[in-house]
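One structure below.
Chains as they are written, first to last, in the UniProt record's numbering: chain X, 1 to 338; chain D, 1 to 144; chain S, 1 to 309.
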């Protein structure tokens with residue numbers, strides 16, 4: 001093991017130009033964004049970038065010597081996949097530093113058309129082992145893979161030790177309890193999924209019912225949860241609802257929880273993770289600023305003195321306020337969570 | 001600048017609630033139209049046209065109703081069921097507007113109440129988030 | 001046009017060794033083109049080990065069935081990979097690759113494989129790529145609707161791609177996989193000490209909404225639909241589109257009746273006689289086909305499901 005590992009890149013989300021600037025201003029090394037259509041997995045109305053804002057954002061980031069990644073991480077659908085091809089063409093034209101792709105058919109297109117373009121394998125590719133990653137490396141020369149949030153730290157290390165591809169892991173944000181790219185719960189309830197439409201539990205299917213006793217959250221008519229007066233609410237993401245199983249009503253799949261790996265930063269650096277990603281392109285510039293600033297500080301501290309690193313209460317406080325459900329977990333990196 | 005944790009007293013709400021809402025509402029709509037005209041508010045009006053909105057400042061007892069067409073925002077009486085109603089206390093609205101606080105955080109904590117068309121709510125939230133205040137004199141008030 | 005064939009998918013639930021062996025001794029006599037075998041869901045399920053599945057597969061193959069070994073869909077650890085390599089290297093039976101890593105191993109061995117529905121093939125380019133790696137058959141994602149599939153198959157035919165299509169046609173839909181085990185969670189157990197409670201739920205655990213609408217099925221680390229997906233009403237269309245086979249996903253009871261019903265329906269496709277086959281009595285939940293019709297997957301057969309508008 002080398003004496004000092006380079007610090008992992010801090011990769012932060014941007015759903016809008018102000019969010020991108022907030023990320024850059026608060027210490028992100030890299031910002032990732034998507035276009036205003038279903039070629040990306042946060043295809044929400046009013047979110048994301050058009051040509052003008054993308055150009056300005058890239059100019060801003062490059063001026064500050066930061067990188068910009070373009071996420072094209074849905075699966076190209078059916079007979080007409082020109083939208084996805086155009087998005088790749090546009091990314092190349094905009095001069096992004098890399099394109100994040102999920103669909104291996106699109107990787108093939110991007111590699112063939114733009115031999116110099118740097119490609120990343122999206123978390124939506126569900127590559128949980130090095131054989132899958134090395135296949136994409138051999139075929140399309142992908143340079144980085146983002147791991148689904150399902151592996152333990154030892155398993156992440158195992159992947160890193162068996163591939164030349166850089167490994168990016170999630171560090172903070174809403175927790176997907178399912179393997180990314182392998183979850184169709186949303187389309188089962190609404191007809192639209194992350195793979196097909198770039199959305200999960202889409203807002204147009206959400207209805208809030210303000211009853212006298214409780215607030216009900218429905219997705220396409222299906223009751224996902226009810227909240228009593230004063231009880232913190234959650235967005236009705238399917239996997240985070242309360243359901244009844246054999247007479248017990250509880251969070252049968254997952255509590256509304258955020259992933260936060262701050263406590264593990266020294267180990268994450270030590271095993272050679274290349275980049276740490278923050279989830280939340282759908283969140284506001286305020287969120288991006290606060291999370292980026294906090295993780296920048298924590299990451300720098302862990303890099304300076306890994307042995308003496310401990311999580312400062314102020315960091316935890318800053319992040320827990322932003323966390324969905326206000327609970328935080330180390331997620332799958334920590335075995336007991338499973 | 002940090003917004004202090006404060007709620008307007010109930011007496012104020014009952015007083016303000018009895019005043020006509022038209023002047024503040026007119027001010028809001030005029031501001032929105034100005035921001036849009038100057039390209040600061042990057043509103044895709046096709047997503048908003050034909051919808052009615054209400055901003056309910058709970059502790060001020062103030063209900064600001066307006067609507068949108070293909071070009072502009074207009075003062076409107078929106079009745080009991082606007083397509084979208086956003087309710088919060090004044091301080092929380094201010095925190096949200098100045099980007100001190102994330103709207104999702106306020107929502108999860110039940111401090112911001114969204115009623116009506118959830119997707120329309122998302123469009124409005126994303127619209128507010130996408131305003132680049134750095135091109136305006138208001139920049140110095142922003143937390144981010 | 002070829003006649004539509006019937007296949008039997010891998011058992012997605014955790015059944016005891018005896019139950020598995022009994023099930024396949026019966027299935028050997030059913031009118032099936034292909035039998036898929038193996039543990040596709042959870043690496044902790046070891047009533048049959050890799051060698052046992054291979055032995056069982058070879059035995060079934062000798063009785064004249066085409067047999068394919070289904071790989072685990074979520075491959076996380078080195079021991080998962082070791083088991084996968086053993087399956088690939090069995091030397092005789094084909095592999096259903098439910099993970100890109102599995103596709104790579106099959107390709108390296110120069111062995112043709114079946115591209116499982118977890119590989120997320122949503123267009124003809126991606127399909128052509130997998131075909132070039134050695135896929136000879138593919139199963140579209142279970143959420144793919146009829147029109148999208150028709151468009152992909154049109155291009156497959158235009159490109160002259162030599163690959164067969166098989167559709168998931170009956171059973172609880174495999175919707176999601178997780179790092180966490182929801183059955184263990186239900187019993188307040190950790191995944192590493194799950195006490196193999198899945199054995200007590202041979203069709204999974206039903207998950208209802210708070211107003212008692214049956215919604216999903218918990219099956220260890222897998223989440224499935226509660227509704228039983230059925231493409232029975234659409235077989236004529238499916239056959240006309242050039243689909244080669246339809247898959248029946250095993251269930252604890254009545255799988256034989258379901259296979260027989262599909263067989264009867266397929267035979268009726270070529271006959272002028274009208275047949276009315278009702279398989280609802282052999283499903284223990286509502287029959288759904290929303291996905292096929294481009295609706296929410298939960299939409300029941302014949303039901304429009306646009307609750308949001």
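Just so it is clear, CB atoms sit at the ideal spot from N, CA and C, and this is done for glycine as well.
{"Item": "Alpha-carbon to alpha-carbon, residue 90 (chain D) and residue 185 (chain S)", "Value": "42 Å"}
{"Item": "Cβ-based burial, residue 180 (chain X) [other Cβ within 10 Å; buried from 16]", "Value": "buried"}
{"Item": "Counterpart residues of residue 3 (chain S) in DSSP-defined beta bridges", "Value": "Residue 3 (chain S) pairs with nothing; no bridge assigned."}
{"Item": "Collapsed DSSP secondary structure at residue 198 (chain S) in the structure displayed", "Value": "helix"}
{"Item": "Local conformation of residue 291 (chain X) per DSSP, three classes", "Value": "helix"}
{"Item": "For residue 183 (chain S), the first and last residue of its enclosing alpha helix (DSSP H)", "Value": "182-186"}
{"Item": "CA-to-CA distance, residue 277 (chain X) to residue 92 (chain D), given in whole angstroms", "Value": "29 Å"}
{"Item": "Where residue 208 (chain X) meets chain D, residues with beta-carbon distance less than 8 Å", "Value": "114, 115 and 118"}
{"Item": "Closest Cα partner of residue 79 (chain X) within the set S:144, S:207, S:8 and S:7", "Value": "S:144"}
{"Item": "Partners in chain X for residue 40 (chain D), counting only beta-carbon separations shorter than 7 Å", "Value": "Those within 7 Å of residue 40 (chain D) in chain X number zero; the least Cβ separation is about 11 Å."}
{"Item": "CB contact below 9 Å: residue 114 (chain S) versus chain X", "Value": "no"}
{"Item": "Under 7 Å from the C-beta of residue 203 (chain X): neighbouring residues of chain D", "Value": "118, 119 and 122"}
{"Item": "Cross-chain neighbours of residue 101 (chain D) in chain X, by beta carbon under 7 Å", "Value": "286"}
{"Item": "Integer Cβ distance of residue 264 (chain X) from residue 101 (chain X), believed to fall under 8 Å", "Value": "Contact doesn't hold; Cβ gap of about 28 Å is too wide."}
{"Item": "Neighbour-count burial assignment, residue 18 (chain X), 16 or more Cβ in a 10 Å radius", "Value": "buried"}
{"Item": "Element boundaries [alpha helix (DSSP H), containing residue 114 (chain S)]", "Value": "Residue 114 (chain S) -> not in any alpha helix (DSSP H); beta strand (DSSP E) instead, spanning 113-115."}
{"Item": "Identity of the residue in X:320, X:303, X:318 and X:319 nearest residue 7 (chain X) by Cα", "Value": "X:303"}
{"Item": "Anticipated Cβ contact below 8 Å, residue 234 (chain S) with residue 292 (chain S), distance rounded", "Value": "6 Å"}
{"Item": "Residues in the stretch 39-73 of chain X having any Cβ partner in chain D nearer than 7 Å", "Value": "44, 45, 46 and 47"}
{"Item": "Distance CB(residue 37 (chain S))-CB(residue 10 (chain S)) smaller than 9 Å", "Value": "yes"}
{"Item": "Beta carbon proximity, residue 22 (chain D) to chain B, threshold 9 Å", "Value": "In the structure shown, chain B cannot be found, because the protein chains are X, D and S."}
{"Item": "Terminal residues of the alpha helix (DSSP H) in which residue 210 (chain X) lies", "Value": "Here residue 210 (chain X) belongs to no alpha helix (DSSP H); instead the beta strand (DSSP E) covers 206-210."}
{"Item": "Anticipated Cβ contact below 8 Å, residue 292 (chain X) with residue 22 (chain X), distance rounded", "Value": "7 Å"}
{"Item": "Runs of alpha helix (DSSP H) lying entirely within the stretch 145-211 of chain X, each at least 4 residues, in chain order", "Value": "153-161, 185-190 and 194-197"}
{"Item": "is_contact[residue 166 (chain S), chain X] using C-beta, thresh 9 Å", "Value": "no"}
{"Item": "With 16 other Cβ atoms within 10 Å as the buried cut-off, status of residue 200 (chain S)", "Value": "exposed"}
{"Item": "Whether residue 92 (chain X) touches residue 117 (chain X) by CB criterion (9 Å)", "Value": "yes"}
{"Item": "The stretch 233-244 of chain X in contact with the stretch 195-207 of chain X per 3-pair CB rule at 8 Å", "Value": "yes"}
{"Item": "Min CB distance residue 133 (chain D) to chain X below 9 Å", "Value": "yes"}
{"Item": "Proximal residues of chain X, C-beta to C-beta of residue 29 (chain S) below 7 Å", "Value": "The premise fails here: residue 29 (chain S) is roughly 34 Å from chain X at the closest Cβ pair, so nothing lies under 7 Å."}
{"Item": "Closer than 9 Å to chain X by CB, residue 319 (chain S)", "Value": "This structure cannot speak to residue 319 (chain S), because chain S is shown only from 1 to 309."}
{"Item": "Simplified DSSP assignment, three categories, for residue 16 (chain X)", "Value": "coil"}
{"Item": "As assigned by DSSP and simplified to three states, the class of residue 286 (chain X)", "Value": "helix"}
{"Item": "Chain-ordered chain X contacts of residue 47 (chain D) [CB-CB under 7 Å]", "Value": "45 and 46"}
{"Item": "Residue 215 (chain S) to residue 248 (chain X) span [Cα, whole Å]", "Value": "15 Å"}
{"Item": "Minimum Cβ-Cβ distance from residue 328 (chain X) to chain S less than 9 Å", "Value": "no"}
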